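Chains as they are written, first to last, in this note's numbering: chain A, 1 to 433; chain B, 1001 to 1283. Even for Gly, the Cβ is constructed at its ideal location relative to N, Cα and C. Only a predicted model underlies this, so the values are computations on that prediction, with no experimental measurement involved.
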Ligand SMILES: Cc1cc2nc3c(=O)[nH]c(=O)nc-3n(C[C@H](O)[C@H](O)[C@H](O)COP(=O)(O)OP(=O)(O)OC[C@H]3O[C@@H](n4cnc5c(N)ncnc54)[C@H](O)[C@@H]3O)c2cc1C
């Protein structure tokens, strides 16, 4: 007799865990399948955790979850080969009782999250890959197949939270292939450094943490960003660019990361650190327009598998949690009312997403990916121009200030042209509208 | 037939780091695995059960989080899992460990007689290979170490024949049941569990036994108190600092090259030079 469940959740990242946790709490008989050795074993993130989305699910998570540092300072840098122009925002208000953002290590965090899912009563099985979907004669999804002998398992509904590649739904023809211009390839390293050295280097104490986001010539004309985050006893450093840009360039992601690490503003922060871990992962960055069909007969999709990532604000894990949660609430409601898991009934999921910050934010920035993609000056010309401007402005060399101002303006005009400058400002304003 | 397999949860040695400053081994945050040698024992036990019927019970002594390894063993197809966990067990050396395990096995044997106890050849974090023989001694089991193959098992006659890798050759040994076997690596490869096994493992409750549950009466034999071996220090060998020296041999005759090499060696090791001179002069 094959096993039958109310719901099967594919994947044990933040999306799958939120879905499985919610479904189990709502009293459904849930099976969660994860291909990794344990939840989190394969997962890659920067990683910044946003408290709010998790609080909706586990209000007291701060008491138990493995958190590295809460963030008190955010730096945003525009890089050229030798310089950075940037802003630092640091506030003691971030030392609040319930901090808003934390650095985490996904392998540990996901494992803990999964323990909550198990405690809520879901059956969690790891090291098992879902290889396909089973459909009945009318095409409704009624279960999954796995890579194990006797691997057919049935359920009323399947939540696809299998991450960015979304191979299960792709193979089942529920969506198309990932497009190279809608997905970024990121590489990341973790470097060990003693806690007190990190505290000194970043001027922090206790569990305070600093994050740096960087863009500019460091990505060699490709659209992308680099980052550096402080964990308790390590530093995460990474860089990611749009895949289609990598395809047209002879620079490898690894080269970019080396360049970033060697940058004069970054190198001292990593001095004497010992490389512990190297990882590469895709990030869906197509935004609103790339979001596929989110539900159908007997299935829903949550997290990266649904392309729910706000790349500008580096929000993915929170959207994964929220979408997993909303998918589960949709299912639980139907179950309570004794209604079948048909496409029509599950379509309220899309409505829930539109009412939440998830689709509101993605909609707001819907043009941004295209604008940035078509206007590489934002990562090539502007960082140089800004750096030159700063250099001119701060260098005291006997040149009078008015002449300096003129020279800066002239530089910008030469770099982008007057029409270019106005056009760029207009494009940006529209993209951020 | 009832088989007990002793396993140990160990840090994945491939991922152990050495603290760059203190040069100590950092176990914190290192993922754990079933001691790889134990998997050969487990697979052998599962094969015997599949052929002759009966049950395979896995047992481990360790902290509560060692349950991960037991769950894994259940997923591979073991029928039952026992975790011996108690603060009295903390700090056990191989003597105290084999004591605790033999107590646990005795309790199992009281429920149903045990025919074979398996262990791995040794652990990757201790490398002593003492626990298996320690258990055999305490439970009075015939001991077959470094077994590479089980040739035959006769449950009627209660006899087992195995091949044992020994220095200089392979021994074919026959003994009676019950016995203890330590399995050599590379003898089989662990199976890929079926979906049913995965479900069973996910639903099986582990038996968690304290020292008392396992029938220990004398706590002095457990943990740190029952461990005569004291690990005074664990450290990584300090990396060698000497650098290779390159001798420019352009245009030199072979004899000159030899002289240059010797001169460089002696320069770096003046004592060597003196010792050799003393030796040559017959002193
Ligand atoms: C370098 C990098 C930095 C990032 N930084 C941040 C950040 O700072 N903050 C932030 O919020 N977001 C960040 N993100 C994005 C964030 O990591 C993702 O949005 C988030 O992990 C998505 O969660 P998920 O559960 O949808 O997918 P995943 O976390 O990818 O989980 C999917 C799970 O499904 C499993 N799986 C896949 N296929 C199968 C299958 N066929 N069968 C069974 N299991 C399967 C996988 O093993 C995995 O465990 C970053 C991403 C990257 C790559």
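If the five residues before and after residue 350(A) are omitted, its C-beta is found closer than 6 Å to the C-beta atoms of 294, all from its own chain and listed in chain order. Apart from sequence neighbours up to five positions away, the residues of its chain that approach residue 1107(B) with a beta-carbon distance below 8 Å are 1209, 1213, 1214, 1215, ordered along the chain. In terms of Cα proximity to residue 10(A), the closest of 304(A), 270(A), 92(A) is 304(A). By the beta-carbon neighbour count (other beta carbons within 10 angstroms, threshold 16), residue 191(A) is buried.
Annotation for residue 351(A) indicates a beta carbon at 7 Å or more from all heavy atoms of ligand 1. Counted as a single uninterrupted DSSP element, the beta strand (DSSP E) harbouring residue 277(A) occupies residues 274 to 284. Per DSSP, residue 1006(B) lies in no alpha helix (DSSP H) segment; the continuous beta strand (DSSP E) that holds it begins and ends at 1002 to 1006.
Put simply, the CB of residue 1194(B) is near chain A, with a gap under 8 Å to one of its CB atoms. Take residue 340(A), set aside five residues on each side of it, and no residue of its chain has a beta-carbon closer than 7 Å to its own. Taking 8 Å as the cut-off, the Cβ atoms of residue 8(A) and residue 158(A) count as close.
Between residue 210(A) and residue 75(A), the CB-CB gap stays under 8 Å. Selection 1260(B), 1242(B), 1244(B) evaluated against residue 1250(B) yields 1260(B) as nearest (Cα-Cα). Excluding residues up to 5 positions away in sequence, 1142, 1158, 1159 lie with their Cβ nearer than 7 Å to the Cβ of residue 1176(B) in the same chain.
In this structure, residue 1214(B) has its beta carbon at no less than 7 Å from each heavy atom of ligand 1.
Against chain B, a Cβ distance below 7 Å from residue 237(A) picks out nothing, because the smallest value is about 17 Å. Residue 405(A) has its Cβ no nearer than 7 Å to any heavy atom of ligand 1. By the rule that beta-carbons nearer than 8 Å mark a contact, residue 151(A) touches chain B. Between residue 1004(B) and residue 1068(B) the beta-carbon gap is near 20 Å, outside 8 Å, which marks them as no contact. Around the C-beta of residue 88(A), fewer than 16 other C-beta atoms lie within 10 Å, and the residue is accordingly described as exposed.
The beta carbon of residue 1219(B) sits no closer than 8 Å to any beta carbon of chain A. Taking the Cα of residue 1031(B) as reference, the smallest distance to any Cα among 40(A), 363(A), 292(A) is reached at 40(A). Taking the Cβ of residue 148(A) as the reference point, every heavy atom of ligand 1 lies at 7 Å or farther away.
Residue side-chain check: residue 130(A) places its Cβ nearer than 7 Å to a non-hydrogen atom of ligand 1. Just so you know, the alpha carbons of residue 1195(B) and residue 255(A) end up roughly 42 Å apart. The region 220 to 240 of chain A makes no contact with the region 319 to 335 of chain A, as fewer than three CB pairs between them are under 8 Å. At least one heavy atom of ligand 1 sits closer than 7 Å to the Cβ of residue 309(A). At a cut-off of 8 Å between C-beta atoms, residue 1088(B) does not count as an interface residue with respect to chain A. Residue environment analysis places residue 2(A) among the exposed positions, since fewer than 16 neighbouring C-beta atoms fall within 10 angstroms of its C-beta.
With a cut-off of 8 Å on Cβ pairs, the region 275 to 291 of chain A is in contact with the region 358 to 370 of chain A, counting three or more such pairs. Between residue 72(A) and residue 299(A), the CB-CB gap reaches or exceeds 8 Å. Taking 8 Å as the threshold, the shortest C-beta distance from residue 1199(B) to chain A falls below it.
Of all residues in the region 412 to 432 of chain A, none places a beta-carbon less than 9 Å from a beta-carbon of chain B. Around residue 151(A), the same chain offers 145 as residues with beta carbons nearer than 7 Å, after the five sequence neighbours per side are excluded. Proximity of the beta carbon of residue 249(A) to ligand 1 is not indicated: no heavy atom of the ligand is located closer than 7 Å. The Cβ of residue 3(A) sits closer than 8 Å to at least one Cβ of chain B. In this structure, residue 357(A) has its beta carbon at no less than 7 Å from each heavy atom of ligand 1.
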